[in-house]
Amino acid sequence: MDDDVVLVAMSYYYDSDDDDVVLVQQGAGTRSARAKDGRYSSWSQSELEKQMFSWSLKDVLNKDLLKKKVKKIPTIFSSLKEYMGSFTVPLIEETRADLCSALEGIKHAPAAEVTRIKLCSDEQLIYSFFAKKADPKDIFQEVYAPKEADTLLLTDRKPRHISDLGRGEKPLVIASVLKAEDAEGNTVVRLSSKHVEQQFGLESSLFAVFLINMTTYNRIWSELDAVVASVRNTDIIRMIVNCNPKVGQECSYSSELPLHLPDRALGGLEDFKLNKSQKVAVLDCVSAMQQRSSSVRLIWGPPGTGKTKTISTLLWAMLVKNHRTLTCAPTNTAVVEVASRVLNLLEDPSAGSGKACFLSDVVLFGNEDRMNVDGNLTKIFLEKRARRLQKCLSPGSGWVHSLSSMIRILEQPLVQYDSYVEQIEREIEEDLAEKKRNKNKNKDNDKKQVKEDVPKEYFISNYKRLENDLNVCVKTFCDDLPRSATTAENFSYMTQALHMLKFFGKLVEPKSEQSLKTLFKLSPDGSISSLFQNFVTYVQDSVSTELKDARAQCLLKLKHLSDHFELPNRSIEDFLVRNAKSILCTASSSSRLHYLPEASPFDLLVVDEAAQLKECESLIPLQLPGVRHAVLIGDEFQLPALVKSRVCEDAEFGRSLFERLSSLGHPKHLLDVQYRMHPGISKFPVSSFYENKISDGENVLHRDYERKPLAGPMYGSYSFINVDAGKESKGKHDKSLMNPIEVAAVTRIVQRLFKESVDTGRKLCVGVVSPYKGQVRAIQERLGKAYETHGGFTVKVRSVDGFQGAEEDIIIFSAVRSNTTGSDGFLSNVNRTNVALTRAKHCLWILGNANTLATKTIWREIVADAKNRGCLFNASEDKELNNAIIRAVIELDEVDDLLEMDSLRISARDLGYV
103 MDDDVVLVAM SYYYDSDDDD VVLVQQGAGT RSARAKDGRY SSWSQSELEK QMFSWSLKDV
163 LNKDLLKKKV KKIPTIFSSL KEYMGSFTVP LIEETRADLC SALEGIKHAP AAEVTRIKLC
223 SDEQLIYSFF AKKADPKDIF QEVYAPKEAD TLLLTDRKPR HISDLGRGEK PLVIASVLKA
283 EDAEGNTVVR LSSKHVEQQF GLESSLFAVF LINMTTYNRI WSELDAVVAS VRNTDIIRMI
343 VNCNPKVGQE CSYSSELPLH LPDRALGGLE DFKLNKSQKV AVLDCVSAMQ QRSSSVRLIW
403 GPPGTGKTKT ISTLLWAMLV KNHRTLTCAP TNTAVVEVAS RVLNLLEDPS AGSGKACFLS
463 DVVLFGNEDR MNVDGNLTKI FLEKRARRLQ KCLSPGSGWV HSLSSMIRIL EQPLVQYDSY
523 VEQIEREIEE DLAEKKRNKN KNKDNDKKQV KEDVPKEYFI SNYKRLENDL NVCVKTFCDD
583 LPRSATTAEN FSYMTQALHM LKFFGKLVEP KSEQSLKTLF KLSPDGSISS LFQNFVTYVQ
643 DSVSTELKDA RAQCLLKLKH LSDHFELPNR SIEDFLVRNA KSILCTASSS SRLHYLPEAS
703 PFDLLVVDEA AQLKECESLI PLQLPGVRHA VLIGDEFQLP ALVKSRVCED AEFGRSLFER
763 LSSLGHPKHL LDVQYRMHPG ISKFPVSSFY ENKISDGENV LHRDYERKPL AGPMYGSYSF
823 INVDAGKESK GKHDKSLMNP IEVAAVTRIV QRLFKESVDT GRKLCVGVVS PYKGQVRAIQ
883 ERLGKAYETH GGFTVKVRSV DGFQGAEEDI IIFSAVRSNT TGSDGFLSNV NRTNVALTRA
943 KHCLWILGNA NTLATKTIWR EIVADAKNRG CLFNASEDKE LNNAIIRAVI ELDEVDDLLE
1003 MDSLRISARD LGYV
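Spelled out as structure tokens, the structure:
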């Protein structure tokens, strides 16, 4: 089609005068490579961005702006069009809610001062600007650096409050970052206003304030377009759209091993020590790969049931079976956890009965900073691997250079030596000429010095250097180059060549100067080299057969590799991703895989923490070429995806594909043995959330699993510590609640745990969890960094949401809510409560006001259960804890409230306060 490219893009948007979703075909025409502003033509504007650019400040802050447009997302769909349309308007509303949240917290938003702005494309409103750099001498100065897909607010001054942005009707000047800072420091953006120069003036002071990053929103929007346009793989999409299990279908698979699996044992699987439910799940997922029709398998993994172990075993099985697999998760943390398990599995020599699985076939990619990649994970992280390979591909010192140099020095080292001497002489002459010295003064002496250099020393020093360079390259290739990148024979030849080179080097070192000269006057086949036919004194028999054969074998291997081993000549990262058998990344990041030409199709998609992934976001990996089978692993009774818009939450925009299919009765494998929690901790969540379908593993039932880090029954494996002196209040930073009395109680318990750890020399990992960010911040500030330097004791303070997927030896939960109305806010969320109660391994201590929490919701059951089991204690029963609470109450000047509490009066008199 020469220079012209036909573009067809389908997009949904909402019509402001019509409640219905409208399908619009955009840009069905031709874009010429010679078009006006052609250098910017690839940055087409999506309908999502158009909607965002159309909003005024009043629109963004209006939480009901799209309330009538957003419809509840159904569980069954009649068509792809309906399916895609159900997500589109909620996605726009969620974008608005995210912007609204950012504007409300504008005081703390990072910003950069714009020193120069320039119009690049008037038609598309594309500008470039230069932001002021941080002063390298000022280590405390933080300057925002724009990233691609960031949404910025342009203002004439850095706002301290949302009121600084002007009246609601005044249009916002929004910028979308199309290209982050280049080498010259310029950032390319598209602006929402055509009159930015009239509003601010291109020469006036200007600030770019970060609001949100649109990367994931844009990727979801793109995939929604692709579904309707049918430009992607829709095999699984069509199946899940039409999913409607028959009434009465069992909600779980058989617990028996699948009889339809030809190789039931899947040799080596017994080495992983899976329990029966884990093994059944893995074998059934493997057997599904043999089906011609598309399939979706659900694996239900409650807390501590070995979900990650099951995934890593499944991925190992896929590697053995030579199935190309993509593993995704909603967050970087979850992906890193799976990647770590897979890495440990592949490095375990006892796993899989020695089945051939190579680390180089596994790739982890994503945001290096957010993934916090270090240690072992660098072995499989894409960017780190590409950097290592880049050194081997360097034209001046890499594999090709070292290989050809080694071949030359083995074939004709004397010729190489003569060239070396001539080069040295030329350099001496050039140096003398440059310095304008007497050309004959030192010339003869320098030549004599070079001529007296021993060829043997020259050969050995160069040989060792090249051998080392080749050794580094071969190790890198074996560790980092996917096995499909070249033949198994080439990998074998590489290792053989290294052994031969090492052997030859040992043979050469003790030989005399004359022996080596004699050897290298022979051609590699043993005949006299044509270069030395005139040497009549040559004695061929003086060179040992072993030495000649070793040299010949080295050259044989090296020349084979020179002729048959081709290295990638394009992007190394793309090459690695195209050829890897097992790839791990976030669901959002998997969009990169849609744009890799010549990549092998995927056979299987595995989604970890699938219940935390919005269904519309799962469309990104589900549409990858070749994917016909998917395994979703999660637990819908833990926290779902975060949704900022209440309108979207009511419409179930945050619902996962896992949860929707489960609600329709899609069968799922239940992992039914938990190995994390002491039975005293697991008792309530197993009975309340999982209908007693989960049993305790042998490890947690063993007597050694019980810990008593502090004296007294209050600090056993499970307890509810009643802190009725607490008082909830709004935090100083935002609207999030905090309870300073519980902060004091938590701090005292942590202090005692630390002292116990130091005194006994026992390691302790403590987690402090609270549902409110205000409380998390208050506890963090109170604890400070006092425990960071002690290697045997760690304490992590996070919100419930931040602790999902994590575990610690001891969990201290601060409930915060303390009022006379029995209001417990979003603490009543069953999923959030489930996560909070299932993070501890040995001890779970809940701090809260029993009277407040016992009035309604799931917490009434928790308080009643603790009381029935004899696990409910008043804080006053522990003198140290009681005194810490009294001091905190007095500091808050709440003495009158203190005296009303009968349980605290005696301690108060003892302290001299009353």
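For the record, in the sequence shown the residue sitting at position 239 is 341 according to the numbering used here, with numbers rising by one throughout. Using N, Cα and C, we set each Cβ at its ideal position, and we do this for glycine too. Being a predicted model, the structure only gives us computed values, none of them experimental.
Quiz item: Any contact of the region 374-384 with the region 212-227, i.e. 3+ C-beta pairs under 8 Å?
Solution: no
Quiz prompt | Length of the line joining the Cα atoms of Glu559 and Ala590 | solution = 36 Å
Quiz item: What number of angstroms, rounded off, separates the C-alpha of Pro404 from the C-alpha of Ser789?
Solution: Roughly 12 Å separates the two Cα atoms.
Quiz prompt | Supposed close pair Leu416, Val733 - CB separation, criterion 8 Å | solution = 7 Å
Quiz item: Is it true that the region 435-442 meets the region 802-815, where meeting means three or more beta-carbon pairs spaced less than 8 Å apart?
Solution: no
Quiz item: Under the rule that 16 or more other beta-carbon atoms within 10 Å means buried, what is Ala966, buried or exposed?
Solution: exposed
Quiz item: What are the start and end residues of the beta strand (DSSP E) that includes Trp402?
Solution: Ser397 to Trp402
Quiz prompt | Inter-stretch contact at 8 Å, needing at least 3 Cβ pairs: the region 953-961 / the region 841-857 | solution = no
Quiz item: The alpha helix (DSSP H) spanning Phe605 covers which residue range?
Solution: In the DSSP assignment, Phe605 falls within the unbroken alpha helix (DSSP H) covering Ala590 to Val610.
Exercise. Since I believe Trp418 is in contact with Leu447 (beta carbons under 8 Å), could you give me their beta-carbon distance rounded to a whole number of angstroms?
Key: 6 Å
Exercise. Consult DSSP for Ile178 and reduce its assignment to one of helix, strand or coil.
Key: coil
Quiz prompt | Expected contact under 8 Å - CB spacing of Arg487 and Asp373 to nearest Å | solution = With a Cβ gap of about 27 Å, Arg487 and Asp373 do not count as contacting.
Quiz item: For Ala310, which residues does DSSP report across the bridge?
Solution: Ala214 and Leu256
Quiz item: Is DSSP giving Gln882 helix, strand or coil here?
Solution: helix
Quiz item: Considering only C-alpha positions, which residue in the set Asn985, Ser690, Leu766 and Ile964 is nearest to Ile851?
Solution: Asn985
Exercise. Sort Gln392, Glu325, Arg443 and Ser395 by Cα distance to Ile413 and report the nearest one.
Key: Arg443
Exercise. Work out the CA separation of Val937 and Cys945 for me, nearest whole Å.
Key: 15 Å
Self-check item: Residue burial classification, Asn681 (beta-carbon count within 10 angstroms, cutoff 16)
Solution: buried
Practice problem: Could you tell me if Thr647 is buried or exposed, where buried requires 16 or more neighbouring beta carbons within 10 angstroms of its beta carbon? | Solution: Thr647 is classed as exposed because its beta carbon has fewer than 16 other beta carbons within 10 Å across all chains shown.
Quiz item: Looking only at its own chain, which residues have a Cβ that is under 6 Å from the Cβ of Ala211, when we skip the five neighbours before and after it?
Solution: Val311 and Phe312
Practice problem: Please determine if the region 749-756 and the region 382-392 are in contact, where contact requires at least 3 C-beta pairs separated by less than 8 Å. | Solution: No, the region 749-756 is not in contact with the region 382-392.
Quiz item: Taking contact to mean at least 3 C-beta pairs separated by less than 8 Å, is the region 784-799 in contact with the region 196-208?
Solution: no
Quiz item: With DSSP run on the structure shown, which of helix, strand or coil describes Asp967?
Solution: helix
Quiz item: Do three or more CB pairs link the region 878-892 to the region 718-732 at distances below 8 Å?
Solution: no
Quiz prompt | Straight-line gap, Val825 to Ala880 (C-alpha atoms, nearest Å) | solution = Whole-angstrom Cα-Cα distance: 17 Å.
Quiz item: For Gly950, does the three-state DSSP call read helix, strand or coil?
Solution: Note: Gly950 maps to strand in three-state DSSP.
Exercise. Using 10 angstroms around the beta-carbon of Asn478, count the other beta-carbons present and answer buried if the total reaches 16, otherwise exposed.
Key: exposed
Exercise. In angstroms with no decimal places, state the Cα-to-Cα distance between Arg1007 and Ala827.
Key: Reliability of the predicted coordinates at Arg1007 is poor, the pLDDT of 45 falling under 50, and no value is obtained from them.
Quiz item: To the nearest angstrom, how far is it from the Cα of Pro176 to the Cα of Val191?
Solution: 14 Å
Self-check item: First and last residue of the uninterrupted beta strand (DSSP E) at Arg680
Solution: First-last for Arg680: Ile674 to Asn681, but that is the alpha helix (DSSP H), not the beta strand (DSSP E).
Quiz item: Mind pulling the beta strand (DSSP E) runs of 3 or more residues that sit fully within the region 435-501?
Solution: 464-466
Self-check item: Bounding residues of the alpha helix (DSSP H) (the contiguous stretch that carries His666)
Solution: Thr647 to His666
Practice problem: Return the CA-CA distance between Gln776 and Ala743, expressed in angstroms with no decimal places. | Solution: Cα to Cα, the separation comes out at about 24 Å.
Practice problem: For Asn801, count neighbouring C-beta atoms within 10 Å of its own C-beta (all shown protein chains included) and say buried if the count is 16 or more, exposed if not. | Solution: Asn801 comes out exposed.
Quiz item: Taking the beta strand (DSSP E) that Leu706 falls in, what are its first and last residues?
Solution: Leu706 to Val709
Quiz prompt | Pick from Phe561, Asp252 and Lys683 that is closest to Phe704, judged by C-alpha positions | solution = Closest option to Phe704, Cα to Cα, is Lys683.
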